[in-house]
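Residue numbers (mature numbering (1 follows the signal peptide of the UniProt record, and there is no 0)): -24 to -1, 1 to 420. Note that the Cβ used here is the ideal one computed from N, Cα and C, for glycine as well. Model, not experiment: these values are computed from the prediction. To start, the structure itself, in structure tokens.
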């Protein structure tokens, strides 16, 4: 394990010279300028807990004076109060890991950084009926979900959802569901396949529900999910830049407007701009799996550039495919359908190296579960799983504590003024993620 850690830290050193992802127009400032709320207990609720901090009203920045695991005991945290920043980077090592539950966002103007979420089946029988997302939204807007690790979802790992139709017009539909969300530098891995979901197999990466717009996936890693990396439903407008999809089984990226769900409503074209993404097959991947497949009855307007799809041996895979004998078509476009200004876009050859060093929670202070998945991606190992027990079960973390000292932090960027992050092994700046270095340099 020490060898693995050293290899990943060496990757961080290499990445410093690589391009940095920058979105000039972030969707929200979260709780910037608001009250500092300290989490002082790992209890799932009650005074001083994360749940208590989330329930407070008004702009707030949530910081942590404890590190370890918050066991939700088969429940979920639901965020209903807007204007909040959850700064998981402030926790002492080993950071904050949420077990046996997930996070739901049902509001607006939220930033979540550097949390781990590990749902799992918790010993329940198959098809028990427990269906929990590691992360999801419902009619939420203006969110930044950045540098988190989402594991073992029994529904989806990292999704955005809401009602399909609210009102009578397309504009009203889009206003009523989730929108304007950036998913950046997250790790969404090992959605559980034959587990507790009542539908049976349900290893899913990301579901973007019908009519969601302004959805950005930038520099994320999906690994060992059967499908939905991501699935875009009817009328979705999305942008994918420099993501890595490893070992998808039946589908990687796919689009589907289903007549069964849209009956009585006129289909709306979806839009996808995909630039510099990499899909690499693994041990679970079907032979000949395409990068993008389409089903259903609605068309997808698509612009793609420098996207790569290869099997586990480096052989080219098809870019397009379909499922179902239906009328839906992928309509290729000559120009991007979304504004690419403000993004620093890597060539696809750099995506894997950079993302393995910088995606997921606390790149300077990895947990063993993240190290295992990232190193397996690098080596072409691992597979889709049915239970967390196949990979060692729930992680054990020692509870730690340390005071949060406001004067030591740049509260505008939530970065340490010293350049040394909680839990950083040797204080070397090489171990910062490129995104965090850019934030400090530009004081964003």
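Report the three-state DSSP secondary structure of residue i (helix, strand or coil).
i, result
"residue 345", "helix"
"residue 400", "coil"
"residue 66", "helix"
"residue 278", "strand"
"residue 384", "helix"
"residue 289", "coil"
"residue 213", "strand"
"residue 253", "coil"
"residue 194", "strand"
"residue 373", "coil"
"residue 361", "coil"
"residue 130", "coil"
"residue 203", "strand"
"residue 352", "helix"
"residue -16", "A caution first: residue -16 carries a pLDDT of 45, below 50, which makes its placement in the model unreliable, though a value can still be read off. If DSSP states are grouped into helix, strand and coil, residue -16 belongs with the helices."
Closest to residue i by C-alpha separation, out of the options, would be which residue?
i, options, result
"residue 367", "81, 77, 168, 43", "168"
"residue 115", "189, 297, 344, 372", "189"
"residue 132", "398, 139, 106", "106"
"residue 60", "18, 239, 7, 48", "7"
"residue 294", "229, 118, 240", "229"
"residue 233", "211, 215, 319, 216", "211"
"residue 362", "102, 2, 15", "102"
"residue 242", "75, 16, 140", "140"
"residue 155", "86, 170, 251", "86"
"residue 260", "200, 192, 70", "200"
"residue 352", "180, 198, 320, 1", "198"
"residue 19", "324, 99, 73", "73"
"residue 157", "221, 339, 245, 83", "83"
"residue 36", "205, 400, 387", "387"
"residue 236", "331, 357, 186", "186"
"residue 177", "369, 380, 360", "360"
"residue 193", "151, 248, 172", "248"
"residue 195", "369, 336, 380", "336"
"residue 354", "376, 341, 371, 329", "329"
"residue 347", "92, 62, 15", "92"
"residue 63", "121, 255, 78, 209", "121"
At what residues does the beta strand (DSSP E) containing residue i begin and finish?
i, result
"residue 147", "Looking at the DSSP string, residue 147 is not in any beta strand (DSSP E); the run it does join, the alpha helix (DSSP H), is 146 to 152."
"residue 45", "42 to 55"
"residue 141", "Neither: residue 141 is in no beta strand (DSSP E) and is coded neither H nor E."
"residue 209", "207 to 209"
"residue 222", "220 to 222"
"residue 269", "268 to 272"
"residue 11", "11 to 15"
"residue 306", "306 to 308"
"residue 297", "296 to 298"
Where do the ends of the alpha helix (DSSP H) carrying residue i lie?
i, result
"residue 237", "235 to 238"
"residue 27", "26 to 31"
"residue 332", "324 to 334"
On the DSSP bridge list, what partners appear for residue i?
i, result
"residue 112", "80"
"residue 125", "92, 163"
"residue 247", "213, 277"
"residue 102", "The partner list for residue 102 (beta bridge, DSSP) is empty, contrary to what the question assumes."
"residue 38", "13, 62"
"residue 229", "268"
"residue 117", "84, 155"
"residue 284", "254"
"residue 392", "385"
"residue 189", "155"
For a cutoff of 8 angstroms on Cβ pairs, would you count residue i as touching chain D?
i, result
"residue 255", "No chain D appears in this structure, which consists of one protein chain only."
Less than 7 angstroms separating the Cβ of residue i from some heavy atom of the ligand SAH?
i, result
"residue 89", "The ligand SAH is absent from the structure shown, which contains no ligand whatsoever."
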